[in-house]
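Q:
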Amino acid sequence: MEAAQIDVSPCNVFLLHAAAEFLEIDEKHTMKYVETVHFWTWSELLDCLKQCQELLSFINSSYMVQEILDAVVEKISMLNISSPFAFSCSDAQFSGDISTNCSRSSSFQTTNWLRDLEFLTVGLFEEVVRTMISWKLDHGMICSFLLHYQRVKFVGLLSGDHKCKIIKVMIDALCSINGCFMRFPFRHLCYMLQACFTLEMEKHCARSLERMIGSRLDEATLDDLMFPSPRRKTCAYDVDLILRLLKIFIGESRKTPFVQHLKNVGCLIDSFLAEVAPDPHLKPCKFLALASGLPHTARESHDRICEVIDMYFEAHSNISEEERIRVCSTLDYEKLSSESLANLAKNARFPACASAAALLFLQVKLKTRSKDDNGPEFTCNSSLSSNVDHEQLLVHFSKGKVQKRSANVGRRSDHVTCPTNCKPLPRLCS
Numbered sequence: 001m002e003a004a005q006i007d008v009s010p011c012n013v014f015l016l017h018a019a020a021e022f023l024e025i026d027e028k029h030t031m032k033y034v035e036t037v038h039f040w041t042w043s044e045l046l047d048c049l050k051q052c053q054e055l056l057s058f059i060n061s062s063y064m065v066q067e068i069l070d071a072v073v074e075k076i077s078m079l080n081i082s083s084p085f086a087f088s089c090s091d092a093q094f095s096g097d098i099s100t101n102c103s104r105s106s107s108f109q110t111t112n113w114l115r116d117l118e119f120l121t122v123g124l125f126e127e128v129v130r131t132m133i134s135w136k137l138d139h140g141m142i143c144s145f146l147l148h149y150q151r152v153k154f155v156g157l158l159s160g161d162h163k164c165k166i167i168k169v170m171i172d173a174l175c176s177i178n179g180c181f182m183r184f185p186f187r188h189l190c191y192m193l194q195a196c197f198t199l200e201m202e203k204h205c206a207r208s209l210e211r212m213i214g215s216r217l218d219e220a221t222l223d224d225l226m227f228p229s230p231r232r233k234t235c236a237y238d239v240d241l242i243l244r245l246l247k248i249f250i251g252e253s254r255k256t257p258f259v260q261h262l263k264n265v266g267c268l269i270d271s272f273l274a275e276v277a278p279d280p281h282l283k284p285c286k287f288l289a290l291a292s293g294l295p296h297t298a299r300e301s302h303d304r305i306c307e308v309i310d311m312y313f314e315a316h317s318n319i320s321e322e323e324r325i326r327v328c329s330t331l332d333y334e335k336l337s338s339e340s341l342a343n344l345a346k347n348a349r350f351p352a353c354a355s356a357a358a359l360l361f362l363q364v365k366l367k368t369r370s371k372d373d374n375g376p377e378f379t380c381n382s383s384l385s386s387n388v389d390h391e392q393l394l395v396h397f398s399k400g401k402v403q404k405r406s407a408n409v410g411r412r413s414d415h416v417t418c419p420t421n422c423k424p425l426p427r428l429c430s
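Mapping the sequence shown onto the numbering used here, position 142 (from 1) lands on 142, and the numbers just tick up by one.
This is the structure:
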C-alpha cells in the first residue's frame, strides 16, 4: 500500500514540520518549502503565522519561525511609507489607510495590516517588533503598530501580567531606536506611565518613560500632568513626578536651547501650580521647587506666579513668615505689572519685606512712566514711602532674613491705592 501524498502549503507547513519533529523523520520537505516564503501572498503569510503561533511550543526550528517573521515584515516594508499611518496625539486614533505601489498584489493593497496582526499573542508580538527593528522599518510604522496593538489588547480582558509585558515591549522598542519615541504620541506616553504606576511595574520602566516625557515636556497640556499622587502620599497630585520631569526637560534644554519651548513649559508649570496651590498638604519647599525650577527666560511676566503665590498663602495661612519669604524669593519684581505690584504691596498675606519691595519697584515704574507719558497714571501715599528704608528692606529680603513688620508697613493696605482704571487679576480657580 502506497503512502498518501500530502501537498505542503502555507496552511499546513508548520503542522507537518511539528509532526515530522515528533516522529523524528526527515524535515527537509518542510524546510525547503519555507525557503519560498518570500513569494507568498499576504493572506498566505497570515495563515502560516497563525498556525505557527498555535504550534510554537512544539517547533524547535527557530529558523523557520524567523523566516516567516522576516517575510511578514518585508511585505510591510514594501508599502509606500511617504505618508505613514496618521494618528492623533490627542486621542491616539488611527486612520488605517495605506498607500501602496500599484505593482503590489490587490489583496495586499486593500488590507489593513494593523488589524490583520491583532491576533498575535504577546510573545509573538514581541518577536514581530524585534524583526521590524532589525529590518529598520520606518519609525512611524513601528509606532503605529505598537500603539494599535496596545490599544486593542487593553480594551479586552487581558491580565495585568500581559499588560505589563506589552508595555515593556513598547518601552524597549522606543528606547532601542534612536529618536523613535519622538514620533510616538505624547499623550500616549503619559498614558503608559500612568499604566506603569497602576500596574506597579518595575521602577526602571517608569523612569524610561519619564525620560521620554521629560524631554518633550513643552508638548504637554495641563491634563497630561495631572497624575494622582502615589499611595501613602497625602497630596492630591504627584508633585515629585512633575519635578523629575522638569529636571529632565531642563537638562535636555541645555543641550538644544529653545526659548519658546522654555516659555511653553513656564506657562504649563504656572498652570499646574494654580491647580496644586490650594492643596493643604503641599509643603512650601515643594511649591518653591516647582516655582523656581525654571530658568529666568521661561517667564516674560511674573503676574501669574504672583497670583498663584497669593493662592498658596490663602490656603496655607499657618506657614511661618520665614517660609513665606522663601516662597516670595522666586518673584522677579521687574517682571510684575504695575497692577500686580500695587496688589502685592497692600496684600496682608505677603511678608512685609515683599510688600515693601513691591512698593519700591512700583514707584520706580511709575516714575519711569511719568517721564514717558508726562504725568503719572496713579499715585501712592507718600507717608508710607517716606518712612520705609526701601534699599535696606531689599537687601534684607535678598538675604532671606525675616523682617519685623513696621507700623507703617502693617498699615500698607490703607496707604497704597490702586488706579481706578485697573482691572483686578482673574482668579485661576475657585
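The beta-carbon is built from N, C-alpha and C at its ideal position, and this holds for glycine as well. Fair warning: this is a prediction, and the values are worked out from it, not measured in the lab.
Assuming Glu-210 contacts Ile-248 under a Cβ cut-off of 8 Å, what Cβ separation, rounded to an integer in Å, is found between them?
A: Here residue 210 is taken as the residue at index 210 of the sequence shown, counted from 1. Here residue 248 is taken as the residue at index 248 of the sequence shown, counted from 1. So it is a contact: roughly 7 Å between Cβ atoms.
Q: Report the partner residues of Pro-278 according to the DSSP bridge assignment.
A: Residue mapping note: residue 278 aligns to position 278 of the sequence shown, counting from 1. The partner list for Pro-278 (beta bridge, DSSP) is empty, contrary to what the question assumes.
Q: Let me check understanding here. Comparing Cα to Cα, which of Val-37, Thr-121, Thr-41 lies closest to Lys-50?
A: By one-based count along the sequence shown, residue 50 stands at place 50. Ranking the options by Cα distance to Lys-50, first place goes to Thr-121.
Q: With H, G and I counted as helix, E and B as strand and the rest as coil, what does DSSP make of Pro-228?
A: Walking along the sequence shown from the start, residue 228 turns up at place 228. Looking at Pro-228 - three-state DSSP - the assignment turns out to be strand.
Q: For Ile-167 and Cys-190, I'd like the C-alpha separation in whole angstroms.
A: The residue you call residue 167 lines up with position 167 of the sequence shown. The residue you call residue 190 lines up with position 190 of the sequence shown. Roughly 12 Å separates the two Cα atoms.
Q: Return the first residue and the last residue of the alpha helix (DSSP H) that Lys-203 is part of.
A: As a first step, residue 203 must be located in the sequence shown, where it is residue number 203. Lys-203 -> alpha helix (DSSP H) spans 203-215.
Q: Inspect the beta-carbon positions of Thr-330 and Ala-354 and report whether they are closer than 8 Å.
A: Numbered from 1 along the sequence shown, position 330 holds the residue referred to as residue 330. Numbered from 1 along the sequence shown, position 354 holds the residue referred to as residue 354. No, Cβ-Cβ distance for Thr-330 and Ala-354 is not below 8 Å.
Q: Under 8 Å, do Val-327 and Leu-294 count as touching if we go by C-beta distance?
A: Counting from 1 along the sequence shown, the entry for residue 327 is found at position 327. Counting from 1 along the sequence shown, the entry for residue 294 is found at position 294. Not closer than 8 Å, so no.
Q: Hey, Leu-262 and Ser-253: beta-carbon distance below 8 Å or not?
A: Counting from one through the sequence shown, the residue named residue 262 turns up at place 262. Counting from one through the sequence shown, the residue named residue 253 turns up at place 253. Taking 8 Å as the Cβ cut-off, Leu-262 and Ser-253 qualify as a contacting pair.
Q: Ala-348: buried (16+ other C-beta within 10 angstroms of its C-beta) or exposed?
A: Your numbering for residue 348 matches position 348 in the sequence shown. It is exposed - the Cβ of Ala-348 has fewer than 16 other Cβ atoms within 10 Å.
Q: Just the Cα atoms here: how many angstroms apart are Met-141 and Leu-225?
A: Working through the sequence shown from its first residue, we reach residue 141 at position 141. Working through the sequence shown from its first residue, we reach residue 225 at position 225. Answer to the nearest angstrom: the Cα atoms are 27 Å apart.
Q: Of all the options Gly-179, Ala-277, Glu-322, Ser-370, which has the alpha carbon lying nearest to the alpha carbon of His-316?
A: Sequence index remark: in the sequence shown, residue 316 carries index 316 (1-based). Comparing Cα positions, the closest option is Ala-277.
Q: Could you tell me which residues DSSP pairs with Tyr-442 in its beta bridges?
A: One cannot answer for residue 442 here, as it falls past the ends of the chain, which runs 1 to 430.
Q: Would a C-beta distance cut-off of 8 Å place Leu-45 and Ile-59 closer than the cut-off?
A: Position 45 of the sequence shown, counted from the first residue, corresponds to residue 45. Position 59 of the sequence shown, counted from the first residue, corresponds to residue 59. Contact flag unset, no.
Q: Should Asp-279 be labelled buried (16 or more other beta-carbon atoms within 10 Å of its own) or exposed?
A: Against the sequence shown, residue 279 aligns to sequence position 279. Answer is buried; the Cβ neighbour count reaches 16.
Q: List the residues that DSSP assigns as beta-bridge partners of Tyr-237.
A: Taking the sequence shown and counting its residues from 1, one reaches residue 237 at position 237. For Tyr-237, which the question treats as bridged, DSSP gives the partners Pro-228.
Q: On the premise that Phe-186 lies in contact with Arg-447, defined as a C-beta separation below 8 Å, what is that separation, rounded to the nearest angstrom?
A: As shown, the chain starts at 1 and ends at 430. That puts residue 447 outside it, with no answer to give.
Q: Could you tell me whether the Cβ atoms of Val-37 and Val-128 are closer together than 8 Å?
A: Taking the first residue of the sequence shown as 1, we reach residue 37 at position 37. Taking the first residue of the sequence shown as 1, we reach residue 128 at position 128. Contact flag unset, no.
Q: Identify whether Lys-283 lies in helix, strand or coil by the three-state DSSP scheme.
A: In the sequence shown, the residue the question calls residue 283 occupies position 283. Coil at Lys-283, not helix or strand.
Q: Leaving out five residues on either side along the sequence, give the residues of the same chain with a beta carbon under 7 Å from the beta carbon of Ala-298.
A: Taking the first residue of the sequence shown as 1, we reach residue 298 at position 298. So the list reads Leu-262, Lys-263, Val-265, Gly-266, once near-sequence residues are dropped.
Q: DSSP state of Leu-428, grouped into three classes?
A: Counted from its first residue, the sequence shown places residue 428 at position 428. Any reading at Leu-428 must be qualified, since the residue scores a pLDDT of 33, below 50, and its modelled position is unreliable; the value itself is stated next. DSSP places Leu-428 in coil when its eight states are reduced to three.
Q: Whose C-alpha, out of Ile-309, Tyr-333, Asp-332, Lys-335, is nearest the C-alpha of Glu-323?
A: As a position in the sequence shown, residue 323 is number 323, starting the count at 1. Closest by alpha carbon: Ile-309.
Q: Which residue's Cα is closest to the Cα of Ser-229: Thr-221, Asp-238, Phe-272, Leu-174?
A: Start at 1 with the first residue of the sequence shown, and residue 229 comes out as number 229. That would be Asp-238, whose Cα lies nearest to the Cα of Ser-229.
Q: By the three-class DSSP mapping on this structure, what secondary structure does Lys-165 have?
A: To locate residue 165, count along the sequence shown from 1; it is residue 165. Helix.
Q: Which of the three DSSP states, helix, strand or coil, is assigned to Asn-264?
A: Here residue 264 corresponds to residue number 264 of the sequence shown, with the count starting at 1. Asn-264 falls in the helix class under three-state DSSP.
Q: Taking DSSP as the reference, what is the three-state secondary structure of His-38?
A: Here residue 38 refers to the residue found at position 38 when the sequence shown is read from its first residue. Helix at His-38.
Q: Decide if Phe-313 is buried, meaning its Cβ has at least 16 other Cβ atoms within 10 Å, or exposed.
A: As a first step, residue 313 is located in the sequence shown; it is residue number 313 there, counting from the start. When all chains shown are included, Phe-313 counts as buried.
Q: Would you tell me roughly how many angstroms separate the C-alpha atoms of Arg-340 and Glu-321, rounded to the nearest one?
A: The sequence position of residue 340 within the sequence shown is 340, counting from 1. The sequence position of residue 321 within the sequence shown is 321, counting from 1. Reading the sequence as shown, one finds Ser at residue 340 and not Arg. About 21 Å.
Q: By the three-class DSSP mapping on this structure, what secondary structure does Ala-220 have?
A: Looking up residue 220 in the sequence shown gives position 220. Three-state DSSP puts Ala-220 in coil, outside helix and strand.
Q: Consult DSSP for Ile-76 and reduce its assignment to one of helix, strand or coil.
A: Taking the sequence shown and counting its residues from 1, one reaches residue 76 at position 76. Helix.
Q: I need the straight-line Cα distance from Arg-231 to His-204, nearest angstrom please.
A: Start at 1 with the first residue of the sequence shown, and residue 231 comes out as number 231. Start at 1 with the first residue of the sequence shown, and residue 204 comes out as number 204. So the two alpha carbons sit approximately 19 Å from each other.
Q: Under three-state DSSP, which class holds Gly-293?
A: Counted from its first residue, the sequence shown places residue 293 at position 293. If DSSP states are grouped into helix, strand and coil, Gly-293 belongs with coil.
Q: When the distance is taken between beta carbons, is Leu-137 closer than 8 Å to Ser-77?
A: The residue labelled residue 77 in the question sits at position 77 within the sequence shown. The residue labelled residue 137 in the question sits at position 137 within the sequence shown. Taking 8 Å as the Cβ cut-off, Ser-77 and Leu-137 qualify as a contacting pair.
Q: Terminal residues of the continuous alpha helix (DSSP H) containing Ala-345?
A: The residue you call residue 345 lines up with position 345 of the sequence shown. It spans 338-345 - the alpha helix (DSSP H) in which Ala-345 sits, taken as one unbroken run.
Q: Please classify Glu-307 as buried or exposed, where buried requires at least 16 neighbouring CB atoms within 10 angstroms.
A: By one-based count along the sequence shown, residue 307 stands at place 307. Looking at its Cβ environment, which holds 16 or more other Cβ atoms inside 10 Å, Glu-307 is buried.
Q: Run through DSSP, which three-state label would Leu-124 get?
A: One-based indexing of the sequence shown puts residue 124 at position 124. Helix.
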